[in-house]
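Going left to right, the sequence shown walks through residues 1 to 185 as UniProt numbering numbers them.
We put the CB at the ideal spot given by N, CA and C, even for glycine.
Computed from a predicted model, the values in this text were never measured in an experiment.
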Amino acid sequence: MRGLLGIGVLIAGLGVTPAGSADMAATEVTPVEIIADDIIASDIAADDIVAGTVVNLFSVYADPLIPVAAIQTTFDVVPGKAIRLAVYDSEEAFLENARAKHQAPVDARGLAVLPLAGLEPGEYAFAVYLDLNGDGKLNRGKFLGRPKEPVAFSNGAKAKLRKPRYDEAKVTVEPGSVVVITLND
1 MRGLLGIGVL IAGLGVTPAG SADMAATEVT PVEIIADDII ASDIAADDIV AGTVVNLFSV
61 YADPLIPVAA IQTTFDVVPG KAIRLAVYDS EEAFLENARA KHQAPVDARG LAVLPLAGLE
121 PGEYAFAVYL DLNGDGKLNR GKFLGRPKEP VAFSNGAKAK LRKPRYDEAK VTVEPGSVVV
181 ITLND
């Protein structure tokens, strides 16, 4: 079912140990790569995931103190291409002087894992793009400045005739949350 997910961005773990795991020490957490393997192995279809849904699903795998973004691609991507992620915490900052400060290469399985150390619980909007040409910036066309590289926003916000607004893209991130964003080619 990998082909049904588009690119799913999952932000996991935010500071609590899941219920029932009191005996699990912080040093005994499963590596974040296991999250990515579980995403590929899952039978979750894109139609079963509401864009921007926040669920407590994969937090048991992540270091409970460090959020993680695991990105799965379903279209052909040359390994090594970078997934770039920007995190916004206010309407004033959203998409202004946009800089994707988090990045990770896509591996041969079509996965990228991004640890997001320092992200506190709260409301955020996420923007993600696939840097196809490796120049470190989102390339835009000359007409209306529309992106030439695949982009997506949290909460299923769409860029149609205008940029999405912060209130359309914001999601609440709490301890143990997973935020899912789907990016289509």
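Please report the straight-line C-alpha distance between residue i and residue j, rounded to a whole angstrom.
i      : j      : result
VAL179 : LYS170 : 11 Å
PHE153 : VAL106 : 19 Å
MET104 : PRO150 : Residue identity differs from the one stated: residue 104 is Ala in this sequence, not Met. Their Cα atoms are separated by approximately 16 Å.
ARG99  : GLY110 : 23 Å
LEU95  : TYR88  : 8 Å
ALA108 : GLY141 : 29 Å
Where does the unbroken beta strand (DSSP E) through residue i begin, and where does it stop?
i      : result
ASP131 : 122-131
LEU85  : 82-88
Identify which residue in the options has its Cα closest to the Cα of residue i.
i      : options                        : result
GLU174 : PRO121, LYS148, THR182, LYS137 : PRO121
PHE143 : GLY156, ALA152, LEU161, ASP107 : LEU161
ALA125 : GLY145, GLU91, GLY141          : GLU91
LYS185 : VAL128, ASN155, GLY145         : A small fix is needed here, since residue 185 is Asp in this sequence, not Lys. Checking every option, the nearest Cα to that of ASP185 belongs to VAL128.
ALA112 : ASN155, VAL77, ALA159          : VAL77
In its own chain, which residues sit with a C-beta less than 6 Å from the C-beta of residue i, not counting the 5 before and 5 after it?
i      : result
LYS137 : none
ASN139 : LYS148, GLU149
Taking the alpha helix (DSSP H) that residue i belongs to, which residues open and close that run?
i      : result
ALA169 : 166-169
Which same chain residues, not among the five before or five after residue i, have their C-beta less than 7 Å away from its C-beta?
i      : result
ALA157 : PRO164, GLU168, ALA169
Tell me which same chain residues have a C-beta within less than 8 Å of the C-beta of residue i, skipping the five on either side of it?
i      : result
HIS102 : ALA69, ARG84, LEU85, ALA86, VAL87, LEU114, LEU116
query: Hey, is the segment 129-139 in contact with the segment 78-87, meaning 3+ C-beta pairs nearer than 8 Å?
result: yes
- prompt: Counting Cβ pairs, one atom from each stretch, are 3 or more of them under 8 Å apart for the segment 155-170 and the segment 110-117?
  reply: no
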